[in-house]
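Participant: Here it is, the structure, as structure tokens.
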Amino acid sequence: MGYQSGEGYFWEIAEFNDQRADYYRFTAPVTTEGSAVTFQVSNPSPDISICMSLRDQRGSTVFTPPCFEKGADASLVYLLVPGQEYYIKLYGRDLTTSLQPYRLSATYIGDGNGTGLSEVEPNDDKQNANPWDMQEPFTGALLKSSDKDYIQIDIPTPGIYTFSITDVSPNLKVGLSLVGRTGLLHSVQALTKGQGVSLTMDGSAGEQYWLKVHALQWASDGSFYRLALTDFIPDLGEPNDKKAEATYWEIDEGPIQGYFWEKTHWSMYQADYFKFVAPLTEGGNPVTFQVANPGSDISVCMNLLDRTGGHLLSGECSPEGEDAFLTSALTAGMEYYLKLFTADNKASLQPYTLSIAYTPGEADELDETSRLIRLHGFVHRQWGLLPLPITNVSIYAHISGQPAFLLGTTNWLGTYSSKVMLADGQQVTLWVELPGTNFSPEEDTFIVEAGLRHHRSVFSVIGGQLIEQTPTPPPESTNTPEPEPPFEMPTDTVTPEPLEEQEPTDTPTATLTSTATITPNPTFTATLTPTPTDTPQPPTSQQTLIIGTVWRLFEASGPVGVGMAEVILSINGVDQPTVLSRIDGLYLMDVEGIQPGDVLRLRAQAPQDDFEPLYYEWQAEEGVNRWEYDFYSYWDEITPPSTHDQNRIWGTVWDQFGDDVSGLYLNLQMGTSNAIQRIGPTDENGYFEAMVTLPDRVMVTVWVDAPGFVPSKLMFFHPYEPEDRELIFWKFRGVNLQ
Numbered sequence: 072m073g074y075q076s077g078e079g080y081f082w083e084i085a086e087f088n089d090q091r092a093d094y095y096r097f098t099a100p101v102t103t104e105g106s107a108v109t110f111q112v113s114n115p116s117p118d119i120s121i122c123m124s125l126r127d128q129r130g131s132t133v134f135t136p137p138c139f140e141k142g143a144d145a146s147l148v149y150l151l152v153p154g155q156e157y158y159i160k161l162y163g164r165d166l167t168t169s170l171q172p173y174r175l176s177a178t179y180i181g182d183g184n185g186t187g188l189s190e191v192e193p194n195d196d197k198q199n200a201n202p203w204d205m206q207e208p209f210t211g212a213l214l215k216s217s218d219k220d221y222i223q224i225d226i227p228t229p230g231i232y233t234f235s236i237t238d239v240s241p242n243l244k245v246g247l248s249l250v251g252r253t254g255l256l257h258s259v260q261a262l263t264k265g266q267g268v269s270l271t272m273d274g275s276a277g278e279q280y281w282l283k284v285h286a287l288q289w290a291s292d293g294s295f296y297r298l299a300l301t302d303f304i305p306d307l308g309e310p311n312d313k314k315a316e317a318t319y320w321e322i323d324e325g326p327i328q329g330y331f332w333e334k335t336h337w338s339m340y341q342a343d344y345f346k347f348v349a350p351l352t353e354g355g356n357p358v359t360f361q362v363a364n365p366g367s368d369i370s371v372c373m374n375l376l377d378r379t380g381g382h383l384l385s386g387e388c389s390p391e392g393e394d395a396f397l398t399s400a401l402t403a404g405m406e407y408y409l410k411l412f413t414a415d416n417k418a419s420l421q422p423y424t425l426s427i428a429y430t431p432g433e434a435d436e437l438d439e440t441s442r443l444i445r446l447h448g449f450v451h452r453q454w455g456l457l458p459l460p461i462t463n464v465s466i467y468a469h470i471s472g473q474p475a476f477l478l479g480t481t482n483w484l485g486t487y488s489s490k491v492m493l494a495d496g497q498q499v500t501l502w503v504e505l506p507g508t509n510f511s512p513e514e515d516t517f518i519v520e521a522g523l524r525h526h527r528s529v530f531s532v533i534g535g536q537l538i539e540q541t542p543t544p545p546p547e548s549t550n551t552p553e554p555e556p557p558f559e560m561p562t563d564t565v566t567p568e569p570l571e572e573q574e575p576t577d578t579p580t581a582t583l584t585s586t587a588t589i590t591p592n593p594t595f596t597a598t599l600t601p602t603p604t605d606t607p608q609p610p611t612s613q614q615t616l617i618i619g620t621v622w623r624l625f626e627a628s629g630p631v632g633v634g635m636a637e638v639i640l641s642i643n644g645v646d647q648p649t650v651l652s653r654i655d656g657l658y659l660m661d662v663e664g665i666q667p668g669d670v671l672r673l674r675a676q677a678p679q680d681d682f683e684p685l686y687y688e689w690q691a692e693e694g695v696n697r698w699e700y701d702f703y704s705y706w707d708e709i710t711p712p713s714t715h716d717q718n719r720i721w722g723t724v725w726d727q728f729g730d731d732v733s734g735l736y737l738n739l740q741m742g743t744s745n746a747i748q749r750i751g752p753t754d755e756n757g758y759f760e761a762m763v764t765l766p767d768r769v770m771v772t773v774w775v776d777a778p779g780f781v782p783s784k785l786m787f788f789h790p791y792e793p794e795d796r797e798l799i800f801w802k803f804r805g806v807n808l809q
């Protein structure tokens with residue numbers, strides 16, 4: 072039915088009733104992407120006002136536009152179900168008759184090759200939305216005034232996306248809305264018929280949204296539109312709307328940029344967080360932070376937080392369009408956070424620049440040629456406007472005089488970061504590997520120069536198709552000297568060691584190690600850091616934040632977050648209102664009125680899932696107002712890896728003033744076993760680390776073997792993959808502390 076026509080007269084008896092009408096029967100063609108067809112009646116008598124109706128094979132009306140003016144051609148547009156039989160009914164208003172022949176024709180929408188439109192009906196709600204990869208424009212038609220089209224988009228990489236509707240039919244006044252899991256987020260409307268609209272949103276990798284196209288004014292002679300991704304601004308710092316997802320800022324790199332555009336997410340997260348290590352300043356003088364180049368109507372606010380998230384200082388919000396400043400003395404070498412946000416949650420597409428001004432100090436000790444240098448980077452595949460991050464890519468390094476080693480693997484954002492001890496003059500070669508995939512550049516080679524503190528690499532896929540396989544480490548380099556004894560390393564560092572298999576131990580082990588050996592990158596990485604209250608709280612009540620993720624586990628692929636799972640908290644046996652997990656499995660509870668001593672129990676449930684553990688149970692205590700617990704649903708019979716001894720348990724112990732506590736031991740218990748493993752003692756930085764053997768699907772409890780530290784116990788569930796858990800304990804700053 073690329074083009075068909077027929078002729079007739081308004082002088083016939085209808086098949087279904089006594090009206091004078093013409094019926095034409097046809098079968099909708101089978102096409103690859105839908106069957107949008109325009110039916111047109113031309114050359115009517117000047118006295119005839121044509122009426123048209125589309126009916127299904129039973130004679131029931133599918134669609135009827137208003138009758139047309141006398142002597143005017145008539146048209147009807149509809150998306151047909153391929154292969155289904157229909158009827159077109161034609162008649163004159165008031166049963167007017169004429170012997171002047173008319174002509175009925177039918178044509179495809181588009182280029183006439185039978186491909187039709189992008190949309191496939193029904194798509195009137197989120198459940199039936201048409202998926203769209205944003206690479207090619209999406210074309211659709213609004214078939215009646217109540218019609219609406221839902222298009223599903225999955226965000227592949229963080230950034231700011233602009234969607235535009237163009238090529239709008241002259242008689243269509245269109246609206247475009249952004250819909251999230253919880254409902255409408257943003258909406259724009261055309262001012263006049265035939266006018267296009269644009270909508271801008273921010274998104275982070277893994278998020279899912281729906282675009283809803285609807286008609287404000289509509290006409291039966293064709294209400295078509297074209298939806299396209301017209302602009303994309305990468306914002307690889309996102310998501311950094313929470314302290315736990317803060318962007319790491321290397322002060323030595325210089326200024327860093329970002330965007331105030333958190334218009335899509337929950338209002339409590341409309342901020343940008345940056346994590347940094349305070350530099351050494353001359354005489355311990357203060358540093359000054361500056362946020363420059365905000366939008367003309369943007370008033371910037373800055374907060375300084377300590378390493379636990381405790382509030383230290385708030386700067387005054389800047390006048391609209393002017394730079395913001397915050398000055399404070401910092402302790403060199405300590406971690407801090409900056410929280411940037413705008414007054415009234417205003418947004419801007421103009422990038423801001425965050426910088427720091429200070430006079431560098433000189434260390435008392437002599438400069439060393441060997442130092443920790445951060446090697447970090449981004450691995451992606453360019454897809455149209457979008458750089459798509461690639462996960463689980465192996466990054467290898469070769470340092471002159473040492474064997475090649477596995478530096479790490481990319482996370483779900485396609486990034487990696489590790490610290491390595493390097494010396495001036497050494498040559499470093501980095502490359503990435505994923506079976507079946509070629510990258511550009513093949514290698515990134517550089518020489519360690521004096522003063523170098525970091526090096527960033529970017530690798531992009533060229534040709535080939537990504538194949539999800541476990542990468543195989545390359546063979547060890549030959550004819551190279553044996554590696555030197557490992558340096559003593561602080562937390563979050565990697566000692567380059569030869570790639571060699573370690574024999575698993577048969578008995579549980581818990582020993583403090585001063586170096587972090589290369590272990591398989593765990594699938595589940597968590598930092599259990601209950602937030603200490605910054606000021607003394609009355610013993611009667613406190614506000615508690617409970618967060619976590621609900622996961623599905625599969626044998627042949629990585630974990631997937633479970634959306635719309637019910638997470639239920641009970642306080643002293645009384646269930647609280649249910650919280651639903653987001654599309655990525657994340658849930659968040661903000662609970663008021665919890666008293667120290669209350670017994671808390673947390674469980675998760677979903678129609679298709681049985682979660683482990685069945686529940687978490689603990690007791691509320693003073694000084695702790697944040698907890699993180701994950702749930703797991705096993706969808707396959709999973710064969711655990713032979714790495715029971717590769718579970719890294721590490722962290723820090725602080726006193727009530729935030730200082731590190733040395734010489735302490737920690738206890739680790741698996742399930743309800745009476746066998747307690749001992750970890751420690753903590754070193755001068757309060758740091759502990761152990762490689763522990765853990766059975767699969769077991770609850771693990773860890774606590775400080777000394778009185779006065781909170782949390783009194785920390786729990787996590789070990790599903791099967793090697794753990795990399797950071798645990799933080801501290802002494803609570805009590806009400807009588809002077």
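In terms of the numbering used here, the sequence shown has 294 at position 223, counting the first letter as 1, and numbering is strictly consecutive.
Where a beta carbon is used, it is the ideal one built from N, C-alpha and C, also for glycine.
Predicted model, so just to flag it, every value in this text is computed and none were measured.
What is the DSSP secondary structure of Ile639, reduced to helix, strand or coil?
Facilitator: Here residue 639 refers to the residue found at position 568 when the sequence shown is read from its first residue. Ile639: strand per DSSP, three-state reduction.
Participant: Can you have a look at Ser370 and say buried or exposed, based on whether 16 or more other CB atoms are within 10 angstroms of its CB?
Facilitator: Sequence index remark: in the sequence shown, residue 370 carries index 299 (1-based). Buried is the call here.
Participant: With three or more C-beta pairs closer than 8 Å as the rule, is the region 348–359 touching the region 423–433?
Facilitator: yes
Participant: Using a Cβ distance threshold of 8 Å, determine whether the region 144–151 contacts the region 107–119, with at least three qualifying pairs required.
Facilitator: yes
Participant: Look at Val812 and Val499 and say whether their C-beta atoms are less than 8 Å apart.
Facilitator: This structure cannot settle anything about residue 812, because the visible part of the chain is limited to 72 through 809.
Participant: With distances taken from CA atoms, which of Ser240, Pro506, Val348 and Ser367 is nearest Ala400?
Facilitator: Within the sequence shown, residue 400 is the residue found at index 329, counting from 1. Nearest option by C-alpha distance: Val348.
Participant: Measuring alpha carbon to alpha carbon, tell me which of Ile470, Leu493, Ala475 and Pro460 ends up nearest Trp483.
Facilitator: Reading the sequence shown from its first residue, position 412 is the one you call residue 483. The shortest C-alpha separation from Trp483 is found at Pro460.
Participant: Should Val645 go down as buried or exposed, given a rule of 16 or more other Cβ atoms within 10 Å for buried?
Facilitator: Within the sequence shown, numbered from 1, the residue matching residue 645 stands at position 574. Exposed.
Participant: To the nearest angstrom, report how far apart Pro357 and Thr398 are at their CA atoms.
Facilitator: On the sequence shown, position 286 is the one that residue 357 refers to. On the sequence shown, position 327 is the one that residue 398 refers to. Each residue's Cα considered, the two are about 6 Å apart.
Participant: Mind the definition here: the region 715–724 touches the region 687–706 only if three or more C-beta pairs lie below 8 Å; say whether that holds.
Facilitator: no
Participant: Quick check: what's the CA-CA separation for Tyr319 versus Leu375?
Facilitator: The residue labelled residue 319 in the question sits at position 248 within the sequence shown. The residue labelled residue 375 in the question sits at position 304 within the sequence shown. Tyr319 and Leu375 have their C-alpha atoms spaced approximately 15 Å apart.
Participant: When burial is assigned at 16 or more other CB atoms within 10 Å of the CB, is Asp623 buried or exposed?
Facilitator: Looking up residue 623 in the sequence shown gives position 552. Reading the sequence as shown, one finds Arg at residue 623 and not Asp. Of the other Cβ atoms in all chains shown, 16 or more fall within 10 Å of the Cβ of Arg623; this residue is therefore buried.
Participant: In the DSSP assignment, find the beta strand (DSSP E) that holds Glu700 and state where it starts and stops.
Facilitator: The residue given as residue 700 occupies position 629 in the sequence shown. Sequence check: residue 700 is Tyr here, not Glu. Segment: none, Tyr700 is in no beta strand (DSSP E) and carries neither H nor E.
Participant: In angstroms, rounded to a whole number, what distance separates the CA positions of Gln128 and Lys160?
Facilitator: Within the sequence shown, numbered from 1, the residue matching residue 128 stands at position 57. Within the sequence shown, numbered from 1, the residue matching residue 160 stands at position 89. Spanning the two alpha carbons is a distance of roughly 12 Å.
Participant: Between which two residues does the beta strand (DSSP E) holding Pro460 run?
Facilitator: Position 389 of the sequence shown, counted from the first residue, corresponds to residue 460. Note, Pro460: beta strand (DSSP E), Leu457 to Pro460.
Participant: Quick check on the burial criterion: 16 or more other C-beta atoms within 10 angstroms. Buried or exposed for Gly629?
Facilitator: Position 558 of the sequence shown, counting from 1, holds the residue named residue 629. Looking at its Cβ environment, which holds fewer than 16 other Cβ atoms inside 10 Å, Gly629 is exposed.
Participant: Which same chain residues, not among the five before or five after Leu798, have their C-beta less than 6 Å away from its C-beta?
Facilitator: Locating residue 798 in the sequence shown gives position 727, counting from the first residue. Answer for Leu798: Leu599, Gly722, Val773 and Leu785, listed in chain order.
Participant: Could you check what DSSP says for Arg768 in three-state terms: helix, strand or coil?
Facilitator: Working through the sequence shown from its first residue, we reach residue 768 at position 697. Taken through DSSP and simplified to helix, strand or coil, Arg768 comes out as coil.
Participant: Within a Cβ cutoff of 7 Å, which residues of the same chain sit near Pro193, ignoring the five residues on either side of it in sequence?
Facilitator: Within the sequence shown, residue 193 is the residue found at index 122, counting from 1. These residues qualify, in order along the chain: Asn199.
Participant: Taking 8 Å as the cut-off, does the region 733–751 touch the region 759–775 (at least 3 CB pairs, one atom from each stretch)?
Facilitator: yes
Participant: Between which two residues does the beta strand (DSSP E) harbouring Gly163 extend?
Facilitator: Here residue 163 is taken as the residue at index 92 of the sequence shown, counted from 1. Where Gly163 is concerned, the enclosing beta strand (DSSP E) stretches over Glu156 to Gly163.
Participant: CB-CB under 7 Å to Ile642, same chain, minus the five flanking residues each way: which ones, in chain order?
Facilitator: On the sequence shown, residue 642 is found 571 positions in, with the first residue counted as 1. Ile665, Asp669 and Leu671, listed in sequence order.
Participant: Give the secondary structure of Gln497 by DSSP, where H, G and I count as helix, E and B as strand, and everything else as coil.
Facilitator: Taking the first residue of the sequence shown as 1, we reach residue 497 at position 426. Three-state result, Gln497: coil.
Participant: If you compare alpha carbons, which of Ala212, Asp415 and Lys802 is closest to Leu150?
Facilitator: In the sequence shown, counting from the first residue as 1, residue 150 sits at position 79. In terms of Cα proximity to Leu150, the closest of Ala212, Asp415 and Lys802 is Ala212.
Participant: With burial defined as no fewer than 16 other Cβ atoms inside 10 Å of the residue's Cβ, what is the status of Thr710: buried or exposed?
Facilitator: The residue labelled residue 710 in the question sits at position 639 within the sequence shown. When all chains shown are included, Thr710 counts as exposed.
Participant: Given a cut-off of 8 Å, decide if Tyr162 and Ala877 are closer than it, judged by their beta-carbon atoms.
Facilitator: With the chain covering 72 to 809 only, the question about residue 877 has no answer from this structure.
Participant: Specify the secondary structure class of Asp218 as computed by DSSP and reduced to three states.
Facilitator: Here residue 218 refers to the residue found at position 147 of the sequence shown. Of the three classes helix, strand and coil, the one that applies to Asp218 here is coil, per DSSP.
Participant: How far does the beta strand (DSSP E) with Cys372 in it extend, from its first residue to its last?
Facilitator: Walking along the sequence shown from the start, residue 372 turns up at place 301. Segment Val371 to Leu376, the beta strand (DSSP E) holding Cys372.
Participant: With a cut-off of 8 Å, do at least 3 Cβ pairs link the region 518–535 to the region 487–498?
Facilitator: yes
Participant: Which of the three DSSP states, helix, strand or coil, is assigned to Lys490?
Facilitator: One-based indexing of the sequence shown puts residue 490 at position 419. Residue state, collapsed to three classes: strand.
Participant: Tell me, to the nearest whole angstrom, how far the beta carbon of Leu616 is from that of Asp661; I am working on the premise that it is less than 8 Å.
Facilitator: Here residue 616 refers to the residue found at position 545 when the sequence shown is read from its first residue. Here residue 661 refers to the residue found at position 590 when the sequence shown is read from its first residue. The pair is a contact, with the Cβ atoms about 6 Å apart (cut-off 8 Å).
Participant: Rounded to whole angstroms, how far is the Cβ of Ser120 from the Cβ of Cys138, which I believe are closer than 8 Å?
Facilitator: For the purposes of this step, residue 120 is taken as the residue at position 49 of the sequence shown. For the purposes of this step, residue 138 is taken as the residue at position 67 of the sequence shown. Indeed, because the Cβ distance is near 5 Å, the residues count as touching under 8 Å.
Participant: Does the region 295–303 touch the region 238–257, meaning 3 or more C-beta pairs lie closer than 8 Å?
Facilitator: yes
Participant: Please classify Gln421 as buried or exposed, where buried requires at least 16 other C-beta atoms within 10 Å of its C-beta.
Facilitator: On the sequence shown, position 350 is the one that residue 421 refers to. Exposed.
Participant: Could you check if Phe412 is buried or exposed, using at least 16 other CB atoms within 10 Å of its CB as the buried criterion?
Facilitator: For the purposes of this step, residue 412 is taken as the residue at position 341 of the sequence shown. It counts as buried.
Participant: Starting from Ser248 and walking both ways along the beta strand (DSSP E), at which residues does that stretch end?
Facilitator: For the purposes of this step, residue 248 is identified with residue 177 of the sequence shown, where counting begins at 1. Unbroken beta strand (DSSP E) run through Ser248: Lys244 to Gly251.
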